[in-house]
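K.L.:
Right, I'll just put the structure down here and ask away after.
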Amino acid sequence: MENEDLKVRTRRFALRVIKLYAALPKTVEAQIIGKQMVRSGTSVGAHYREAQYAKSDPDFISKIQGALQELEETIYWLELVEDIQVFTDGRLAPIRQEAEELRAIFITIVKKVKAR
Numbered sequence: 002m003e004n005e006d007l008k009v010r011t012r013r014f015a016l017r018v019i020k021l022y023a024a025l026p027k028t029v030e031a032q033i034i035g036k037q038m039v040r041s042g043t044s045v046g047a048h049y050r051e052a053q054y055a056k057s058d059p060d061f062i063s064k065i066q067g068a069l070q071e072l073e074e075t076i077y078w079l080e081l082v083e084d085i086q087v088f089t090d091g092r093l094a095p096i097r098q099e100a101e102e103l104r105a106i107f108i109t110i111v112k113k114v115k116a117r
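In the numbering used here, the protein residues as written are 2 to 117.
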């Protein structure tokens, strides 16, 4: 995947997370979970963008691993949104799938750079 494609994809992912947060009910539990989800979900693209200016392969790997950590955290918060059952229309499945696909892409990137 090209760098620009992944930039666009991580930005779209962040926007999807923000829109999901906006659709959450204003209950205390949903807002607590949602704010954490937005923080981690928007950090994925920021870490990826930082990685584009890494000074070395280890620095690049560190920044990509930061994106991976944020993806894992976002998946966790999405699971909690599922657990509180605020959406019954299946809207969580596509964003969860995208998070898992991005995770797989970043894992592949790390493996390729480590193999150099």
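For every residue, glycine included, the Cβ atom is placed at its ideal position computed from N, Cα and C.
1. In this structure, how does DSSP classify T75 when only helix, strand and coil are distinguished?
2. Compare the Cα-Cα distances from Y22 to each of I62, R12, R13 and I34 and report the closest residue.
3. How is the alpha helix (DSSP H) around Q127 delimited, first residue to last?
4. Could you tell me the distance, in whole angstroms, from the CA atom of E1 to the CA atom of D60?
5. Where does Y49 fall in DSSP's three states?
6. Using 8 Å as the cut-off, can you tell me whether the region 82-96 makes contact with the region 56-72, which would need three or more C-beta pairs spanning the two stretches below that distance?
P.N.:
Reading off the structure:
1. helix
2. I34
3. The chain is shown from 2 up to 117; residue 127 falls before or after that span and cannot be answered.
4. What is shown of the chain runs 2 to 117, which leaves residue 1 out entirely.
5. Helix at Y49.
6. no
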